[in-house]
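According to numbering that gives the first Met the number 0, the sequence shown is numbered sequentially starting from 0. Heads up: the structure comes next, in structure tokens.
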Amino acid sequence: MLPKSRIFSALLVGLGVALIVAGLVAPRFLVGDGRMPLDMENTTYTLYDENGTVEGETTGVTRQLHMDIQNPANEDMVSLRVGETLFEGNDGTEFDALLSAQTWNWEMDRLTGEALSPVTLSTVMVVPPETVEMDGPWLKLPTDFDEETAEIFDPFLREAAPATYTGANEAGGEVNNYNQVVEPTNLATKYPAINNTKTVNDDEGNAEQLFLTYEADRILSYEANTGVLVGMHEDVDLYYADREGNRVEDYVSYAAATANDAARVDELSSIPSQATSRTITIVVIVLGAVLALVGLIGALRPDRRKAKN
Numbered sequence: 000m001l002p003k004s005r006i007f008s009a010l011l012v013g014l015g016v017a018l019i020v021a022g023l024v025a026p027r028f029l030v031g032d033g034r035m036p037l038d039m040e041n042t043t044y045t046l047y048d049e050n051g052t053v054e055g056e057t058t059g060v061t062r063q064l065h066m067d068i069q070n071p072a073n074e075d076m077v078s079l080r081v082g083e084t085l086f087e088g089n090d091g092t093e094f095d096a097l098l099s100a101q102t103w104n105w106e107m108d109r110l111t112g113e114a115l116s117p118v119t120l121s122t123v124m125v126v127p128p129e130t131v132e133m134d135g136p137w138l139k140l141p142t143d144f145d146e147e148t149a150e151i152f153d154p155f156l157r158e159a160a161p162a163t164y165t166g167a168n169e170a171g172g173e174v175n176n177y178n179q180v181v182e183p184t185n186l187a188t189k190y191p192a193i194n195n196t197k198t199v200n201d202d203e204g205n206a207e208q209l210f211l212t213y214e215a216d217r218i219l220s221y222e223a224n225t226g227v228l229v230g231m232h233e234d235v236d237l238y239y240a241d242r243e244g245n246r247v248e249d250y251v252s253y254a255a256a257t258a259n260d261a262a263r264v265d266e267l268s269s270i271p272s273q274a275t276s277r278t279i280t281i282v283v284i285v286l287g288a289v290l291a292l293v294g295l296i297g298a299l300r301p302d303r304r305k306a307k308n
């Protein structure tokens, strides 16, 4: 019968080998690299300014984004549907209060946040849907992104605009902030839309064409590990200008920040980072190797009782 020390050593060898194997194969089954989660719950971003303006009159203004994570989806990509609305007030139940509404559908790389397909854009004013080339990340930056500047998609422009890193802060988890400033831009030069131009008569009765002009100053906040958007604060001004860019008529303006940012940060910060996963894997493999080595030494060591005899 084997002595207890040999049995214990054999168990150590077995446990050590099992830990080594587990450490080697775990990365294939455990997603620990901060990619876009498929089960994210806090996916509605609401900004409300009670002192916004619509056509020059002070009133509440709400902008809302709602992201649906859909199929097809796998370990590399995900399908996203984002509903975007801008309306007067704060409940959005009255159709007359709706200022704009559109839906964005596309496939996204779960690691980089880049669009893998053209975006299908549907609006309440346009039939059939339009196709938009998304030339930069929007709701997710690349995992472990650490650049000082980024080209981030702006749905008002329907193209990417530069944003500058302004620092990180702790809000239940690390959050990286980027400042995106858009100088006054004639939207009619970017894409056709039913409200991008309008015709008015001047004091002498002459017809004059005006152009919807957009400017913005926003802070976009992304959870550091996953790169997923967790909040924003933006100051947006939409107005009609003449051909020289002079302001003629007010349209919509607001300055607001999203709510529930902390809940999104808390949800996303629980996802292990690539560095954390790598560290855990190395620790498991090293621990397994040590246990296996100790077990082998114990198993191969001569039996003291036999040596005495």
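Every residue gets a Cβ at the ideal spot worked out from N, C-alpha and C, and that includes glycine. For clarity, every value in this text was computed on a predicted model and none was experimentally measured.
Residues bridged to residue i (per DSSP)
i, result
"G88", "According to DSSP, G88 bridges with nothing at all."
"W103", "V81 and L120"
"F210", "T196 and A240"
"D153", "E158"
"Y44", "L64"
"I218", "N178 and H232"
"K139", "V227"
"G166", "N176"
Residue interval of the alpha helix (DSSP H) (run including residue i)
i, result
"D265", "D260 to S268"
Between the CA atoms of residue j and residue i - distance to the nearest angstrom
i, j, result
"N195", "I270", "42 Å"
"V81", "E207", "36 Å"
"F94", "E83", "15 Å"
"E113", "E132", "11 Å"
"R109", "P136", "11 Å"
"M39", "P128", "27 Å"
"P161", "D134", "12 Å"
"A262", "I218", "18 Å"
"V126", "P191", "13 Å"
"N138", "V285", "For the sequence presented, residue 138 should be read as Leu rather than Asn. The straight-line gap from Cα to Cα measures roughly 38 Å."
"D241", "L209", "5 Å"
"N205", "T188", "23 Å"
"N104", "R246", "34 Å"
"E74", "L37", "9 Å"
"D234", "V16", "58 Å"
"V60", "H232", "14 Å"
"E158", "Y44", "20 Å"
"E106", "D216", "28 Å"
Per-residue burial, residue i [other beta carbons within 10 Å of its own, 16 or more giving buried]
i, result
"I151", "buried"
"A306", "Low confidence applies to A306: its pLDDT is 48, below 50, so where it sits in the model is not reliable enough to give any reading."
"Q101", "buried"
"T257", "buried"
"Q179", "buried"
"V181", "buried"
"D236", "buried"
"T130", "exposed"
"I193", "exposed"
"D48", "buried"
Delimiting residues of the beta strand (DSSP E) encompassing residue i
i, result
"A72", "E56 to A72"
"D75", "Here D75 belongs to no beta strand (DSSP E), and DSSP marks it neither H nor E."
"Y313", "Since the first and last residues shown for the chain are 0 and 308, residue 313 lies out of range."
"T111", "Segment: none, T111 is in no beta strand (DSSP E) and carries neither H nor E."
"V131", "E129 to V131"
Sufficient close CB pairs (3 or more, under 8 Å) joining the stretch 52–67 to the stretch 167–178: no
The stretch 197–206 / the stretch 218–230 touching (three or more Cβ pairs under 8 Å): no
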